[in-house]
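Single-structure report; data block below.
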Amino acid sequence: MRAGAEVGGTFTDLVVVDGDRVTLRKVPSTPRSPDIGVLAALDETGLDLNRVDDLVHGSTVATNALLERKGASVAFVTTKGFRDILFLQRHDRRNIYDLRYAKPAPVVARRDCFEVAERVDAAGNVIVPLDAAAEAARLAPLIAAGGYQAVAICLLSSYANAEHERALAALLDEALPGMFVTCSADVSREFREFERASTATLAAYVQPVIDAYLDRLATSLAERGFARRFSVMQSNGGRLPAEGMRRNAIAALFSGPAAGVVGAIRQVGRSNVKDIVTFDMGGTSTDICLVADGRPGISPDTELDGLPVRTPVLDIATVGAGGGSLVWMDEGGMLRVGPRSAGAEPGPACYGKGGTLPTITDAHVIRGTIQPDAFLGGAMKIYRDKAVEAFEPIASALGMSVPTAAASALRLGVANIVRAIQLVSTEKGHDPRDYALVPFGGAGPLLAAEIAEELGMSEVVVPPNPGVLSAFGLIASDFSKIYAETRRFRVDGAAPDLVREAFAAMSAKGRSEFEALGLGGGLDFIFTADMRFVGQAFEVPVVLDIERLATMDAAALKDAFADAHQRIYYHSGGHNQAIEVVGFRLEVDKPIDAIPTFMEREVERPSVAVAQMAGENGSYEARVLGASRLPYDEAHAGPLLIEGYSSTIHVPAGWSATRDGNDNITLRKVQ
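Throughout the sequence shown, residue numbering follows UniProt numbering, covering 1 to 671 in sequence.
Here it is, written out as structure tokens:
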């Protein structure tokens, strides 16, 4: 038995797979304490946790701690002369015409930054030795007196030689019992000092929060009888046992969005659909990811609240356009959607929980694409009159009817999402018309056909139970970890041996760590070299064929770089230009057993076959079908609502829907 629990901004989703039997739950999230929502979902099912072999969890706890600045109090320790690195940052300016522009504020103040006397050069040579005992004896009382909960150590060039960091960390750990001590070499062993310092500091900032959260959740689960494997989703689309995440909490920043992408790839891949654009529209935001040939793009870094995070993440674009996104008017009288959200508390006005401001969900209720008596299979009451009441002030201000105002808000939501899809497709050289749109999240299938039409996409593939697909992605994900380190050298006759040496060392480390986590044997490796022309500012990822490493020569390495450079920049440079390797990344995967497809719970609406819809051009009727009762391989023309427990698929006029043998429902534009 496997269970996946994913905490979103509005709902907490649970999927339990027991052989061919599937149990689903959606309960309101509890932002003040996300574990309460997880336990509530488990309790609602009456599940015997003693029978659960594998429980996987994904949440936004780390992300929220950073965005809300509610992490730990951190002391930052660096090399003498580099105390201001977190404040100097890079010499860029995000808004060049903003006279009041200020760089993103670090999570530490200048008074929280401490220096130690030592120096290591970029090659790892010790220039000034560290007197670790003396420095630890000096720092420990200062850190204790400052009331800090965590220490981030980032010494100059420690990516090349981490001995000073580790010696200082060991002594501080001994002198300050209970203190969380983070070394930059453990979270980001790559060059670029500011990015590495930022990542180490953010890792220390969220580590106590994640550790306390996981400990609290694990204790509650144990009290309910759970005693098997507990894993946590990472930002790279793979999971690790909870004990592994407690040493690297920064890797869990985007676990929720990553789980949805994995679930989409696994499920629509059963129907041999591998070139997709995933579209995850939940309660607070929409996440977009382009997947080519079944593999999502992975970025070596990202930003959160303007601060760089050097950790592998799925290449996901996010826009503030979720089901709970607020609909409002700006000072100029223009209609706007998002990025602010009603969230789980109080939620959209139609939930009847105290919300009075209009949202995208309220607009759907007014249009009729959400039928009040079918929401969550009828388990949650929806109030259409409250949705209408929330939209009336906007409709009055714009001089239009409430249905027209709601339809206008939905069109704005579509435009915001179309722009986000263009960021990961058109602007990166990919034609969205060559891909299928895969919507999920509670709100995704409601707008999918309209978004596809705007982009010229002719196919939409909706997975079964799309509203809880992220929770399914948790249990469908492999165990995975990406190791990265800087090793800089020219591509010449000696380069192939250095590449082979790097792979041997990194794969040995990966095997050792996976064995320590009880995941040894049957590992898969993906080995990537970060390469560039000498003089280039940024590198190009080049995936190397592990099977051919033993016979690879300098010419083959150059050819691999030329091919990668050509794909990105449409030229491969001059034949005589010098090329260098600046680092390596090794993805280590432990595949899991296949997970069966999971179909909808029955939605009982025997007396309703037609829904009344309210559009911009008047009212019309749409047929209503249950997702789990939809006949196989039979096309159904829109306008049509396909209702399920976790979401509703809107099939507008001019589109048709067909359910295949893998329970994926494909929407196609009628020619």
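Backbone N, C-alpha and C define an ideal beta-carbon position, used for all residues, glycine too. The model shown is predicted, which means the values in this text are computed figures rather than measured ones.
The continuous beta strand (DSSP E) containing I665 extends over residues 665-669. The beta-carbon distance between R411 and M613, rounded to whole angstroms, is 15 Å. This is too long to meet the 8 Å contact definition.
DSSP places P439 within a strand segment (E or B) once states are collapsed to three. Nearest Cα to G355 within the set V365, A363, G343: G343.
In the DSSP assignment, A317 falls within the unbroken beta strand (DSSP E) covering 316-319. The three-state reading of DSSP puts G338 in strand, counting E and B together. When only Cα atoms are considered, A374 and I482 end up about 43 Å apart. When the five nearest sequence neighbours on each side are left out, the beta carbons in the same chain lying within less than 8 Å of the beta carbon of E115 are those of V77, T78, T79, K80, G81, F82, R83, in order along the chain.
Look at the beta carbons and you see the stretch 480-496 touching the stretch 546-560: at least three pairs across the two are nearer than 8 Å. Boundaries of the beta strand (DSSP E) harbouring D530: 524-533, taken from the DSSP string. The residue from G347, V181, T426, D563 with its alpha-carbon nearest to that of T284 is G347. T12 is classed as buried because its beta carbon has at least 16 other beta carbons within 10 Å across all chains shown.
With a cutoff of 8 Å on beta-carbon distance, R239 and F527 are scored as not near each other. The beta carbon of A436 is closer than 6 Å to those of V273, I276, E459, V461 in its chain, skipping five residues each way along the sequence. By the Cβ-count criterion, K386 is buried, with 16 or more other Cβ atoms from all chains shown falling within 10 Å of its own Cβ. The Cβ atoms of L24 and S619 do not sit closer than 8 Å to each other. Note that the C-beta distance between I475 and A40 is not below 8 Å. The DSSP-derived three-state label of Y570 is coil. Counting the other Cβ atoms within 10 Å of the Cβ of T648 gives 16 or more, which makes it buried. Under the DSSP assignment, H430 falls outside any alpha helix (DSSP H); it carries neither an H nor an E label. Counting only runs of 4+ residues, the alpha helix (DSSP H) found wholly inside the stretch 63-110 occupies 85-88, in chain order. Taken in chain order, the complete beta strand (DSSP E) segments of 3 or more residues contained in the stretch 35-65 are 54-58. Take the alpha-carbon of M329 and the one of G323: they are about 18 Å apart. Here the C-alpha atom of R623 lies approximately 10 Å from the C-alpha atom of H650.
A straight-line Cα-Cα distance of about 55 Å links L630 and A150.
Secondary structure at Y205: helix, using DSSP grouped into helix, strand and coil. The stretch 58-69 and the stretch 254-266 touch, with three or more beta-carbon pairs separated by less than 8 Å.
Using a Cβ distance threshold of 8 Å, D280 and G413 do not count as a contacting pair.
With contacts defined as CB atoms closer than 8 Å, V319 and S299 fail to qualify as a contacting pair. DSSP places V181 in the uninterrupted beta strand (DSSP E) bounded by 180-183. Collapsing the DSSP output to three states places S198 in a helix. The DSSP-derived three-state label of G322 is coil. Three or more Cβ pairs closer than 8 Å define a contact, and the stretch 579-599 meets that threshold against the stretch 517-534. The count of Cβ pairs closer than 8 Å, one atom from the stretch 634-645 and one from the stretch 423-440, stays below three, leaving the stretches out of contact. Membership of R487 in the beta strand (DSSP E) is indicated by the continuous run 479-490. Per DSSP, the continuous beta strand (DSSP E) segment holding R239 begins and ends at 239-241.
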